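Report on one structure; see the data block that follows.
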Amino acid sequence: MSEIFDVQRWRPAPFLPERETRDGALIFVVAVLCFLACLTAMGVLAADRAAAGWTGQLTGEATVIVRPRGGETPDAAAARAAEVLAGTAGVAEARALEPAKAYDLIRPWLGDVSDLEDLPVPRLVAVTLDGRHPAGAKQLSAALAGQNVDATVDDHSIWIKDIRRAGGLVRWLGVGVFLLIAAAAGAVIAFATRAGLAARRDVVEVLHLAGAEDGFIARLFQVRFAQMAGYAGLIGAIAAVVLGAALRIAGGGEGLTPALPLAWSDLLAVVPCPLLAAMVAAVAAQLTAVGLIRAMP
Amino acid sequence: MRYGRGPDVLTSLNFSLAPGSFHFVTGPSGAGKSSLLKLIYLAAQPSKGLVHLFGQDVAHAPASAKPQLRRRIGVVFQDLVLLEHLSTFDNAALPLRIAGRKPADYRNDVAELLSWVGLGQRMHAMPATLAGGERQRLAIARAVVNRPDILLADEPTGNVDHDMAVRIFRLFVELNRLGTTVLIATHDQDLIARSGRPVLLLENGRISARPAQGPLA
Chain C
0 MSEIFDVQRW RPAPFLPERE TRDGALIFVV AVLCFLACLT AMGVLAADRA AAGWTGQLTG
60 EATVIVRPRG GETPDAAAAR AAEVLAGTAG VAEARALEPA KAYDLIRPWL GDVSDLEDLP
120 VPRLVAVTLD GRHPAGAKQL SAALAGQNVD ATVDDHSIWI KDIRRAGGLV RWLGVGVFLL
180 IAAAAGAVIA FATRAGLAAR RDVVEVLHLA GAEDGFIARL FQVRFAQMAG YAGLIGAIAA
240 VVLGAALRIA GGGEGLTPAL PLAWSDLLAV VPCPLLAAMV AAVAAQLTAV GLIRAMP
Chain U
0 MRYGRGPDVL TSLNFSLAPG SFHFVTGPSG AGKSSLLKLI YLAAQPSKGL VHLFGQDVAH
60 APASAKPQLR RRIGVVFQDL VLLEHLSTFD NAALPLRIAG RKPADYRNDV AELLSWVGLG
120 QRMHAMPATL AGGERQRLAI ARAVVNRPDI LLADEPTGNV DHDMAVRIFR LFVELNRLGT
180 TVLIATHDQD LIARSGRPVL LLENGRISAR PAQGPLA
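From first to last, the protein sequence lines are chains C and U.
First residue of the first sequence? That's 0 in numbering that gives the first Met the number 0, and the numbers climb one at a time after it.
First residue of the second sequence? That's 0 in numbering that gives the first Met the number 0, and the numbers climb one at a time after it.
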């Protein structure tokens, strides 16, 4: 039975079939890779924030260990050191810690011994530095020495260096994992393009022999795979946002854990994912398709 | 010409076709008829020698120049190679789309051509639903839709009955009258005999010409 064909209403159909049976598997694989990439990006942001937080805390503070001199009692030496430091430029506050706090600090190392208070434990002064113009360890030591206070200043510089190094390592590790996943996505898409071209060799051959330019044929596959990867990227990004939001809610006010403080704004890291996935796919498909078409006579 | 590291399929071929001429090429199976057509429609490279087309050596033309050359050649493939996901109309319009023409400029021409080859009622149909003869005519319509300078047809009457073969032949004759050079590879000696057209005989990798015999179609 013939149907009425209205020539005037005819619109050209796409050169490539709309859907292929293997599309589902490819979308799934790319979506999983995008999901992992999004989680990595969110993790890097959270780790970066944690490292910045720790560094900020440590750079804003210094600890001074005070040793009494002559007949001076440890408490009196600590009080005098706190007074000297409080008057030093670049110090917001200096406070002598109660002996109990010093004992609490060493108790984990020595155990719960009964005569801990008999040990000659040095007194500590906690110094909060001025946020805008913080005093350095040298200035604090000089101020204390000037007032004849026997003390050692710890400005946490060793820890800060370590934390900064650890933060940088986490950041580069995250970027490395992210690039690895992007490369894997590109390789999967290149493989799929090759398979797609092999499966659609009839289309490629007809277009090629009918005078289609290599770039024109390659673009068909480029657009097809970019759309597919963009869609897969969207699925992966949505899944990552759902998981990130669940972790944020489950983790309470501090995020997933205090060590990895996931913020709501970190979830925005997934926004470029569909676009990036589409771009990776477009480049991979373009390179693969052009290579294969150029191999034809 | 040879495939991979295999033996030469075609050797010492030296012939020319005048513009606007109509030839058959025939020979036993495996003689290299399809290979000869492939050389002309730029689907194969000669291992040595030249293929002159449109006043230039197309065998050694840069890849960037070949698409434009291919657009001047219409091909009816032996296995037709229709795109199964496209309708009859879309298949027939394919070369015009590739040439960058606007649908409004050619859709009436395509419809007219399809009616001319007897597919006027099947324009919407998908190739899988077409009968053998209809598929053959669609492949021919696609090959001639952009009025090529050269039409190459590989066994174009292989899957159709005698009446249809005659109809297809007349279509080629009509196109030839409009100025297209036609070269048809076929086994159909009856068609060749009744056509009154010159024949190129391909045998043992070599070609020889036979002048036109019999009545004109």
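Heads up, the beta-carbon is just placed ideally off N, CA and C, and yes, glycines get one too.
All figures in this text were calculated on a predicted structure; none of them were measured in a lab.
- Counting the other Cβ atoms within 10 Å of the Cβ of Trp171(C) gives fewer than 16, which makes it exposed.
- One finds Leu208 in chain C with Cβ atoms closer than 7 Å to the Cβ of Val74(U), taken in chain order.
- Beta-carbon to beta-carbon, Gly173(C) and Ala280(C) are separated by about 22 Å, too far to satisfy the 8 Å threshold.
- Taking the CA atoms as reference points, Pro94(U) sits about 14 Å from Pro13(C).
- A Cβ-Cβ contact shorter than 8 Å links Val126(C) with Ala61(C).
- With contact defined as three or more Cβ pairs closer than 8 Å, the stretch 57-76 of chain U and the stretch 145-156 of chain U are in contact.
- Chain C has a Cβ within less than 8 Å of the Cβ of Ala43(U).
- With fewer than 16 other CB atoms across the displayed protein chains lying within 10 angstroms of its CB, His161(U) is exposed.
- Between the C-alpha atoms of Gln77(U) and Phe88(U) there is a straight-line separation of about 20 Å.
- Check the Cα spacing between Ala136(C) and each of His155(C), Arg193(C), Leu274(C): the tightest is with His155(C).
- Under the criterion of beta carbons closer than 8 Å, Leu16(U) and Thr180(U) qualify as touching, at roughly 6 Å.
- According to DSSP, residue pairing for Phe23(U) in a beta bridge involves Ile183(U), Val198(U).
- Neighbours of Asn158(U) across chain C, judged by C-beta separation under 9 Å, do not exist; the nearest C-beta is about 18 Å away.
- For Val124(C), there is no enclosing alpha helix (DSSP H); the enclosing beta strand (DSSP E) has its first and last residue at 122-128.
- DSSP places Thr10(U) outside both helix and strand once states are collapsed to three, so it counts as coil.
- Contact between Val90(C) and Ala134(C) is confirmed by a C-beta separation of about 5 Å, below the 8 Å threshold.
- The Cβ-Cβ distance between Leu190(U) and Phe168(U) falls below 8 Å.
- If you keep only unbroken alpha helix (DSSP H) runs of at least 4 residues inside the stretch 61-106 of chain U, you get 65-69, 87-97.
- In this structure, Val50(U) and Leu38(U) form a Cβ contact; the two beta carbons are roughly 6 Å apart against a cut-off of 8 Å.
- Taking all protein chains shown into account, Ala24(C) has fewer than 16 neighbouring C-beta atoms within 10 Å of its C-beta and is therefore exposed.
- Of all alpha-carbon atoms in Pro260(C), Gln285(C), Ala276(C), Pro271(C), the one lying nearest the alpha-carbon of Gly52(C) is that of Pro260(C).
- Counting along the chain, the unbroken beta strand (DSSP E) around Asp153(C) starts and ends at 149-153.
- The shortest CA-to-CA distance from Met41(C) to any of Glu212(C), Phe34(C), Ala268(C), Ala186(C) is the one to Ala268(C).
- Contact annotation, Asp153(U) with Ser33(U): C-beta distance approximately 5 Å; criterion of less than 8 Å satisfied.
- Straight across, the Cα-Cα distance linking Ile188(C) with Val29(C) is about 8 Å.
- For Glu173(U), the three-state secondary structure derived from DSSP is helix.
- Between the alpha carbons of Arg209(U) and Ala225(C) lies a distance of about 55 Å.
- DSSP, read as helix, strand or coil, puts Glu82(C) in helix.
- With fewer than 16 other CB atoms across the displayed protein chains lying within 10 angstroms of its CB, Ile105(C) is exposed.
- Think of a sphere of 8 Å around the beta carbon of Gln67(U): the chain C residues whose beta carbon falls inside it are Gly210, in chain order.
- Looking at the DSSP output, Gln55(U) sits in a beta bridge with Leu52(U).
- For Arg293(C), the C-beta contacts it makes with chain U under 9 Å involve Ala62, in order along the chain.
- Contact annotation: Pro296(C) and Leu41(U) have beta-carbon atoms nearer than 8 Å.
- For Val282(C) and Ala238(C), the gap between their C-alpha atoms comes out near 25 Å.
- Listed along chain C, the residues sitting closer than 9 Å to Ala92(U) by beta-carbon distance are Trp9, Pro11.
- In the DSSP annotation of this structure, Val270(C) is not part of any beta strand (DSSP E), being labelled neither H nor E.
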